[in-house]
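Visitor:
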């Protein structure tokens with residue numbers, strides 16, 4: 001009776017029934033499999049985060065992103081003239097989060113890799129690439145570097161999925177992925 | 182020293198009157214906050230139902246902040262204080278130590294949570310329950326939580342002091358009961374939780390007052406979640422103790438093995454706090470090694486513990502039922518269980534939903550790489566409504582159906598409502614939990630007012646199926662709310678107007694909700710550990726198969742997305 005003290009005062013020396021022991025063993029082994037799945041994926045899988053990040057000030061990140069956008073801008077879009085930036089494959093690309101947009105719009109090529117830098121100029125934001133459903137946390141003061149390789153083409157939304165104030169639900173960005181020639 | 186007590190005619194426990202009063206006040210306050218928090222939750226669900234979209238954006242974020250705080254901290258911790266006093270004072274037949282400190286704790290908790298709730302409802306502190314810096318709330322927001330936590334710490338101290346008094350006055354023989362051991366696990370985790378909360382919330386309060394210039398947002402999250410996630414581990418330890426208690430009360434069930442069950446609780450103390458990392462798997466500047474070790478609770482030893490409890494609680498019931506003669510086939514013991522008794526149905530639904538909806542999803546989305554396709558989507562609230570609403574809340578409802586007639590001596594009013602309530606509430610939370618997980622899998626964000634992005638400069642819309650999921654979430658939210666209201670009406674109504682059972686004639690049959698455990702039945706046989714439990718083991722294997730399958734389905738999902746390195 002679990003609401004009374006154990007009847008057997010020396011309960012710790014009672015043998016464990018074999019079905020229960022079997023279950024404990026199964027649970028332990030399943031835990032090991034789940035645990036080793038993560039390092040295994042680092043060795044063989046294609047979806048891992050890099051562990052590469054730098055401390056950075058908001059001003060400095062904004063400067064880098066503006067220089068990047070200016071250098072590779074191909075056109076502007078929308079009523080706010082948001083630059084659409086088409087960087088060369090393999091290059092460092094930047095997207096900043098702020099109240100309340102993701103800036104600039106990126107145009108990438110399918111199957112090519114890019115070093116994506118993400119940071120915030122104010123609050124925390126959630127980089128959420130849809131409909132791929134890739135989600136990264138974006139902090140002010142930290143430059144998160146992830147090498148991305150799009151394996152599908154089309155128009156992708158970047159929504160914010162970390163609550164960032166009253167305009168949170170209007171914070172949307174965009175990434176185009178074009179098929180390679 | 183003796184203090185006024187009575188002997189419970191149903192259980193034979195010596196009930197310390199000062200302790201009983203504290204149990205009652207804490208439990209009733211908890212239920213009142215459950216009612217408030219639940220209705221706030223309904224407003225959230227109705228706003229996220231695209232066709233209804235009830236509140237405006239600012240009100241929605243305010244209500245969501247209040248909903249998270251009131252349910253995740255206030256309702257649960259108040260109820261856990263009642264459980265701690267119950268598991269120490271009543272189960273050990275001892276006076277509650279330091280009742281004045283317990284009352285101080287009660288009032289601090291009440292004042293603290295009211296401060297925070299009032300500040301949130303003033304509308305300048307829409308920062309969500311997590312209040313991630315550098316988003317700033319009014320100082321009262323943090324102050325209220327700190328005062329609340331100090332109150333909860335007083336409650337933990339009273340619990341530990343009561344254990345000491347019981348030991349000194351030799352009110353029990355041998356080891357403390359398993360349920361008390363589980364409650365002690367919860368209390369130890371609570372102390373760790375409150376310490377972490379103090380470490381992060383006190384500087385944050387000073388920051389909001391202007392005394393500190395800067396708090397690193399990443400550091401804030403690491404420590405905040407040592408409070409935020411650990412506080413949910415208090416719930417896990419507490420509601421598993423409740424499962425064991427109900428199995429013992431209704432079936433005279435003994436754990437299959439004291440040793441294994443206590444070892445499993447010990448694993449919680451050692452490893453559950455590492456789960457702070459669950460919220461940090463896609464953050465910058467934390468290494469994969471750190472993430473993997475912590476998110477797995479070190480080789481999933483705490484998950485092993487939960488899987489042990491998941492086997493041993495129904496296993497104990499099966500063993501007890503088989504002893505009563507329900508031995509036909511694999512499953513007669515469960516078919517013939519008292520399904521119309523809300524104490525049992527609530528507990529068993531809690532166990533199943535916690536394991537399947539909360540447990541499996543929590544472990545899988547806590548895998549370092551899988552988290553990339555889950556983080557901050559609605560999948561996350563889908564998971565924790567499976568753990569906290571379906572698991573903990575339903576377990577606490579179930580034990581309340583026993584506490585009211587047996588300890589508080591009131592007949593339940595509306596027994597028909599009580600009978601159906603766990604099913605309705607369970608259905609509601611299971612449905613909304615699954616709908617949120619579905620929407621999250623489709624990319625819908627949590628804490629988001631408008632999934633059509635109507636006011637955004639750049640257009641985006643989710644697939645139609647995601648909108649459907651949000652509608653389904655709303656429908657089940659309404660069902661869960663009806664279930665919640667039924668619970669509150671039955672419990673509060675019974676306490677106010679239920680017949681006093683001690684005044685009812687002795688000839689009246691014991692109510693269904695308060696079956697009388699017969700202490701004589703516990704003698705004569707040894708440990709339940711010698712019994713075979715084939716039915717439970719079959720359930721466990723089915724659970725494992727679902728777990729393994731869903732685990733690899735998620736890796737398959739992940740493997741199809743963009744390359745990330």
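Chains as they are written, first to last, in my numbering: chain A, 1 to 181; chain B, 182 to 746.
Glycine included, each C-beta is placed from N, C-alpha and C at the ideal position.
1) Counting contacts by CB-CB distance shorter than 7 Å, is residue 233(B) in contact with chain D?
2) Kindly indicate which residue of 481(B), 509(B), 623(B) and 441(B) has the alpha-carbon position closest to the one of residue 492(B).
3) Report back the beta-carbon spacing between residue 152(A) and residue 172(A) to the nearest angstrom; my notes put them in contact at under 8 Å.
4) What does a CB cutoff of less than 8 Å around residue 701(B) pick up in its chain, not counting 5 residues either side in sequence?
5) Taking 7 Å as the threshold (C-beta atoms), are residue 105(A) and residue 174(A) in contact?
6) Can you tell which of 569(B), 679(B) and 402(B) has the C-alpha that lies nearest to the C-alpha of residue 421(B)?
7) Of the residues 276(B), 288(B), 299(B) and 639(B), which one's Cα is nearest the Cα of residue 187(B)?
8) Can you give me, in chain order, the residues of the region 239-265 of chain B that have a beta carbon less than 8 Å from any beta carbon in chain A?
9) Is the region 576-584 of chain B close to the region 499-510 of chain B, with three or more CB pairs under 8 Å?
10) Given a cut-off of 7 Å, decide if residue 436(B) and residue 130(B) are closer than it, judged by their beta-carbon atoms.
11) Would you say residue 231(A) and residue 158(A) are within 7 Å of each other, going by their C-beta atoms?
12) For residue 75(A), count the other beta carbons within 10 Å of its own beta carbon; 16 or more makes it buried, fewer makes it exposed. Which is it?
13) Cβ of residue 210(B) within 7 Å of Cβ of residue 259(B)?
14) The beta strand (DSSP E) that contains residue 537(B), what's its start and end?
15) Under 7 Å, Cβ to Cβ, is there at least one residue of chain B near residue 31(A)?
16) Whose C-beta lies closer than 6 Å to the C-beta of residue 65(A) among residues of the same chain, with five residues either side of it excluded?
17) Specify the secondary structure class of residue 233(B) as computed by DSSP and reduced to three states.
18) Against residue 205(B), what residues of chain A qualify as contacts under a CB-to-CB distance less than 9 Å, listed in chain order?
19) Can you tell me where the beta strand (DSSP E) with residue 128(A) in it begins and where it stops?
20) What would DSSP say about residue 681(B), mapped onto helix, strand or coil?
21) List, from N- to C-terminal side, the beta strand (DSSP E) runs of 3 residues or more that fit wholly inside the region 541-571 of chain B.
22) Look at residue 216(B) and residue 669(B) and say whether their C-beta atoms are less than 7 Å apart.
23) Tell me the DSSP secondary structure of residue 688(B) in three-state form.
24) For residue 682(B), which residues from the same chain have a beta carbon less than 7 Å from its beta carbon, with the 5 sequence-adjacent residues on both sides left out?
25) What is the DSSP secondary structure of residue 143(A), reduced to helix, strand or coil?
26) Below 8 Å on the Cβ atoms is my contact criterion, and I expect residue 14(A) with residue 438(B) to pass it. Report the Cβ-Cβ distance as a whole number of Å.
27) For the alpha helix (DSSP H) that contains residue 63(A), what are its first and last residues?
28) Who are the Cβ neighbours of residue 652(B) in its own chain at under 6 Å, not counting the five residues just before and after it?
29) What residues from the region 165-176 of chain A come within 9 Å of chain B, judged by C-beta to C-beta, listed N to C?
30) Please list, in chain order, the residues of the region 66-92 of chain A that have any C-beta partner in chain B closer than 9 Å.
31) Nearest by alpha-carbon distance to residue 204(B): which of 194(B), 225(B) and 283(B) is it?
32) To the nearest angstrom, how far is the alpha carbon of residue 131(A) from that of residue 316(B)?
33) With residue 551(B) and residue 728(B) assumed to form a contact (beta carbons below 8 Å), what rounded beta-carbon distance in angstroms separates them?
34) Quick check on DSSP: helix, strand or coil for residue 47(A)?
35) Count Cβ pairs between the region 398-418 of chain B and the region 553-560 of chain B that sit closer than 8 Å; are there 3 or more?
36) On a Cα-Cα basis, can you pick out the residue from 21(A), 139(A), 53(A) and 51(A) that is closest to residue 99(A)?
Guide: With the given structure in hand:
1) In the structure shown, chain D does not exist; the protein chains are A and B.
2) Taking the first residue of the second chain as 1, we reach residue 492(B) at position 311. The shortest Cα separation from residue 492(B) among 481(B), 509(B), 623(B) and 441(B) belongs to 441(B).
3) By 1-based counting over the first chain, the position of residue 152(A) is 152. By 1-based counting over the first chain, the position of residue 172(A) is 172. In fact, because the Cβ distance is near 19 Å, the residues do not count as touching under 8 Å.
4) Within the second chain, numbered from 1, the residue matching residue 701(B) stands at position 520. Its pLDDT being 36, under 50, residue 701(B) is placed unreliably in this model, and the value from its coordinates should be taken loosely. Result list for residue 701(B): empty, nothing under 8 Å.
5) Locating residue 174(A) in the first chain gives position 174, where the first residue counts as 1. Locating residue 105(A) in the first chain gives position 105, where the first residue counts as 1. Closer than 7 Å, so yes.
6) As a working note, residue 421(B) is residue 240 in the second chain. With distances taken between CA atoms, residue 421(B) lies nearest to 569(B) out of 569(B), 679(B) and 402(B).
7) As a working mapping, residue 187(B) is identified with position 6 in the second chain. Comparing alpha carbon positions, the residue from 276(B), 288(B), 299(B) and 639(B) closest to residue 187(B) is 276(B).
8) Using a CB distance below 8 Å, the part of the region 239-265 of chain B facing chain A consists of 239 and 242, ordered along the chain.
9) Counting C-beta pairs closer than 8 Å gives fewer than three between the region 576-584 of chain B and the region 499-510 of chain B, which falls short of the contact rule.
10) With chain B represented from 182 up to 746, any question about residue 130(B) goes unanswered, as that position is not in the structure.
11) A question about residue 231(A) goes unanswered here, because the residues of chain A that appear run from 1 up to 181.
12) As a working mapping, residue 75(A) is identified with position 75 in the first chain. Counting every other CB atom within 10 Å of its CB across the protein chains shown gives residue 75(A) a total below 16, marking it as exposed.
13) Here residue 210(B) refers to the residue found at position 29 of the second chain. Here residue 259(B) refers to the residue found at position 78 of the second chain. Going by C-beta atoms, residue 210(B) is nearer than 7 Å to residue 259(B).
14) To locate residue 537(B), count along the second chain from 1; it is residue 356. Where residue 537(B) is concerned, there is no enclosing beta strand (DSSP E), given that its DSSP letter is neither H nor E.
15) Here residue 31(A) refers to the residue found at position 31 when the first chain is read from its first residue. The C-beta of residue 31(A) comes closer than 7 Å to at least one C-beta of chain B.
16) Here the question's residue 65(A) lines up with position 65 in the first chain. Correct list, in chain order: 94 and 96.
17) For the purposes of this step, residue 233(B) is taken as residue 52 along the second chain, with counting starting at 1. Residue 233(B) sits in coil when the DSSP states are folded into three classes, being neither helix nor strand.
18) Counting from one through the second chain, the residue named residue 205(B) turns up at place 24. For residue 205(B), no chain A residue has a Cβ inside 9 Å of its Cβ, as the nearest lies near 19 Å away.
19) As a first step, residue 128(A) is located in the first chain; it is residue number 128 there, counting from the start. Residues 125-130.
20) Taking the second chain and counting its residues from 1, the one referred to as residue 681(B) is at position 500. Residue state, collapsed to three classes: strand.
21) Contiguous beta strand (DSSP E) elements confined to the region 541-571 of chain B do not occur, taking only those with 3 or more residues.
22) The residue you call residue 216(B) lines up with position 35 of the second chain. The residue you call residue 669(B) lines up with position 488 of the second chain. In contact: residue 216(B) and residue 669(B) (Cβ atoms closer than 7 Å).
23) Residue numbering aside, residue 688(B) sits at position 507 when the second chain is read from its first letter. Model confidence at residue 688(B) stands at a pLDDT of 41, short of 50, so the residue's coordinates are unreliable and nothing is read from them.
24) Position 501 of the second chain, counting from 1, holds the residue named residue 682(B). 586, 590, 591 and 592, listed in sequence order.
25) Along the first chain, read from residue 1 onward, the residue named residue 143(A) stands at position 143. If DSSP states are grouped into helix, strand and coil, residue 143(A) belongs with the strands.
26) Along the first chain, read from residue 1 onward, the residue named residue 14(A) stands at position 14. Along the second chain, read from residue 1 onward, the residue named residue 438(B) stands at position 257. Taking C-beta atoms under 8 Å as the contact rule, residue 14(A) and residue 438(B) qualify, at a distance of about 7 Å.
27) To locate residue 63(A), count along the first chain from 1; it is residue 63. Per DSSP, residue 63(A) belongs to the alpha helix (DSSP H) from 58-72.
28) On the second chain, position 471 is the one that residue 652(B) refers to. Taking residue 652(B) as the centre and dropping the five residues before and after it, the same chain places the C-beta of 230 closer than 6 Å to its C-beta, in chain order.
29) For chain B, the residues of the region 165-176 of chain A that bring a beta carbon within less than 9 Å of one of its beta carbons are 165, 166, 167, 168, 169, 170, 171, 172, 173 and 174, in chain order.
30) For chain B, the residues of the region 66-92 of chain A that bring a beta carbon within less than 9 Å of one of its beta carbons are 77, 78, 79, 80 and 82, in chain order.
31) One-based indexing of the second chain puts residue 204(B) at position 23. The option with the nearest alpha carbon to residue 204(B) is 283(B).
32) Numbered from 1 along the first chain, position 131 holds the residue referred to as residue 131(A). Numbered from 1 along the second chain, position 135 holds the residue referred to as residue 316(B). Answer to the nearest angstrom: the Cα atoms are 28 Å apart.
33) Stepping through the second chain from its first residue, residue 551(B) is reached at position 370. Stepping through the second chain from its first residue, residue 728(B) is reached at position 547. Cβ-Cβ separation between residue 551(B) and residue 728(B): approximately 14 Å, too far for a contact (criterion under 8 Å).
34) For the purposes of this step, residue 47(A) is taken as residue 47 along the first chain, with counting starting at 1. Strand at residue 47(A).
35) Contact annotation: the region 398-418 of chain B does not touch the region 553-560 of chain B, with fewer than three C-beta pairs closer than 8 Å.
36) For the purposes of this step, residue 99(A) is identified with residue 99 of the first chain, where counting begins at 1. Comparing Cα-Cα distances from residue 99(A) to each of 21(A), 139(A), 53(A) and 51(A), the minimum goes to 139(A).
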